[in-house]
Each structure stands twice: as structure tokens, then as C-alpha cells.
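Peer 1: After the C-alpha cells below, expect a handful of questions from me.
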Amino acid sequence: MWLGLALGVAVYALFGLAPAAVQALISFTNYTALPWASTNFVGWANYTAMFTTQRPGFVQGVTATIVFVLAVTIGQNLIALLLAHRLQGEGRWAAAGRVVVFMPIALGATIVGLIWILIFDPEGGPANSFFSNFGIHSSFFGSSTWAMPLVILVQIWQNAGFSTLVFISGLRAIDPQIYEAADIDGIGSWQRLRRITWPLLAPSVTVNLLLALVGSFTLYNTIYVLTEGLFGTQTLGMLAFNAAFNSESANIGYGAAVTTTLFVATLVVAIPAMLLLRWRERRLLGVNR
């Protein structure tokens, strides 16, 4: 047992803690990875530039991140809960539905991005043909109005299937005898949902909310494929990538500073959220621990 635990800790330290520590160190330098450029210790200069107009985009990145995280976390879980309610059965169609909603998870960010770019191709995509019937013409992923809602839609579409399966597992874990007793007592559908299903589904809600929260906070690859962070879609994850690798003034040190800030922000949000959700579980389930 101790050997397995030691191996697990060693692997985590090597591939998790060590890169994070190196990234934090790089954030205090002007490292660019260019062979002819010298690397110097710059102290807090990258962090100072982040919060000033020396490197614009941070405030917009914070705003875009908040909008993206809230929309994805809420939308993904609401849709997944509805899908789980419809697809929790053992029938053939329910099983086929579970396969369909889970399929996008198996696709990489590049494939997902290309699929949706083709769908919303402003020149001849099916979405353009559909909306043109209503007099709506747009460049979609190239539009400041449409880009962020579409990126949110794509993220929800790709990950709602996983959240659906978690909710289905939670629904199936509820003892059917509880519902039978509720039927005998004459409890209606709404009261069953409010007093039985929703409280007993609390552990699944915790898992799904935390995964969606952390995943959307740190996402950048799907956004990069769809918009490269343009047209109001530059979240902090995308800002870090662009700052380090995808701009004329690329600076890996500055990108590392943004990433380190994003990591701290994620912890600041995720840890209280986890504690609150676990407290909610104990309250709803009546567990004193």
C-alpha cells in the first residue's frame, strides 16, 4: 500500500508540482525561449504589467472569463440534468441517447472546433442558410456579437454528455423504494423532485459543478481553434496562451504570470465552492460529519 502511495505522490510531484513550480519561477523572468534573447530576473514586473496598461487585455480577460465560466457551469448542468432525467431508463432508445450525448467528449478540441466552424461558415454553412431565412447575416465566430455565445454553446455541447452520465449515476443510486413510499403517501411529482430527488442527487451536483467550474476556468484550446481569443472571447486562459506564444511581443515570462494568476484565482474560487457544496450535501442528506 505504501509503495503504491509513494509512486502516486512521486508521479504527481514530477508531472504536477514540478512544472507548476517552474512556471511560477519563469513568471518572474523575461524568458522568451528565443536562442538569441537573454533571460533576466524581472521581479514583479510581469505582474505589474498585467494590472496596468503596459500589457492591455487583462481586465477584458477577467470579464470574459466570468461570463464564460458562469454561462458554461450553469448551462451545462441544467441541460445535463434534463438529459439525465430523460435518458436514465434501460430501454433501447435511452441507451442510444446516452451514446449520442457522450460522443462529443471523445472528440478532441481541434475536431470539435472544425465541426462547428463548418456549421457556422458564413459563406455556405448550414447555420448561415438557416438564419438567412430570417434575414440574419453574420460572420458568427468572426462577430463580436455571436462569438462568445457560440463558444459557450460549443463548450456545453462537448461536455454536457459527461455531466449527464454523472447525473444518471446519481439518479440510479436512489433507492426505488423511497419513490414507492412517496407514491403511497400521495406525494406529487414536484414534491418528489424537491424533497427526494434533488437532495439525494447532491453528491452528483457537487461533482458536476466543480468539474464544470474548474474546466471552464482553465479552458483555452477550444477557444483557440474557434476564435484564437478574438471578438471578445479572450478569457484568461486564452490570454496566457496568446501572451506567451501567439503575439508579436510574445513573452513566456508574462504568459507564465497570467497562468499563475489564473491558477491562484481558480483555487480562490474552487476551494470555497467545494466547501460550500460539501456543506450543502451534509445538510440535505442529514449527515453530521
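The sequence shown maps to residues 1 to 289 in the working numbering.
Virtual Cβ for every residue (Gly too), placed ideally from N, Cα, C.
If you're wondering where the values come from, they're calculated on a predicted model, not measured in any experiment.
(1) For the alpha helix (DSSP H) containing Trp36, list its first residue and its last residue.
(2) With a 10 Å radius around its C-beta and 16 neighbouring C-beta atoms as the bar for buried, classify Gly8 as buried or exposed.
(3) Taking DSSP's pairing of strands, which residues face Thr29 in a bridge?
(4) Do you know whose CA, among Leu211, Asn46, Pro56, lies nearest Ala24's CA?
(5) Counting Cβ pairs, one atom from each stretch, are 3 or more of them under 8 Å apart for the stretch 177 to 187 and the stretch 218 to 229?
(6) Tell me which residues share the same chain as Ile168 and place their Cβ nearer than 6 Å to its Cβ, disregarding the 5 neighbours each side in the sequence.
(7) For Ala173, which of helix, strand or coil comes out of DSSP?
(8) How many Å lie between Leu239 and Ile174 at the Cα?
(9) Roughly how far, in whole angstroms, is the beta-carbon of Ile79 from the beta-carbon of Ala160, given that I think they are within contact range, below 8 Å?
(10) Beta carbon of Ala80: closer than 8 Å to some heavy atom of the ligand GDP?
(11) Expressed to the nearest angstrom, what Euclidean distance is found between the alpha-carbon atoms of Leu193 and Leu276?
Peer 2: Per the coordinate set shown:
(1) To locate residue 36, count along the sequence shown from 1; it is residue 36. Segment: none, Trp36 is in no alpha helix (DSSP H) and carries neither H nor E.
(2) For the purposes of this step, residue 8 is taken as residue 8 along the sequence shown, with counting starting at 1. Counting Cβ neighbours within 10 Å, Gly8 comes out exposed, since fewer than 16 surround it.
(3) As a first step, residue 29 must be located in the sequence shown, where it is residue number 29. Answer by DSSP bridge pairing, in chain order: Phe41.
(4) Mapped onto the sequence shown, residue 24 falls at position 24. Checked all of Leu211, Asn46, Pro56; the closest Cα to Ala24 is Asn46.
(5) no
(6) Walking along the sequence shown from the start, residue 168 turns up at place 168. Result list for Ile168: Ala84, Gln88, in chain order.
(7) Counting from 1 along the sequence shown, the entry for residue 173 is found at position 173. Coil at Ala173, not helix or strand.
(8) Taking the first residue of the sequence shown as 1, we reach residue 239 at position 239. Taking the first residue of the sequence shown as 1, we reach residue 174 at position 174. One C-alpha to the other measures close to 43 Å.
(9) For the purposes of this step, residue 79 is identified with residue 79 of the sequence shown, where counting begins at 1. For the purposes of this step, residue 160 is identified with residue 160 of the sequence shown, where counting begins at 1. Contact flag correct, Cβ pair sits at about 5 Å.
(10) Of the ligands one can find in the structure shown there are none, so the ligand GDP has no counterpart to examine.
(11) In the sequence shown, residue 193 corresponds to position 193, counting from 1. In the sequence shown, residue 276 corresponds to position 276, counting from 1. If I take the Cα positions, the gap works out to 22 Å.
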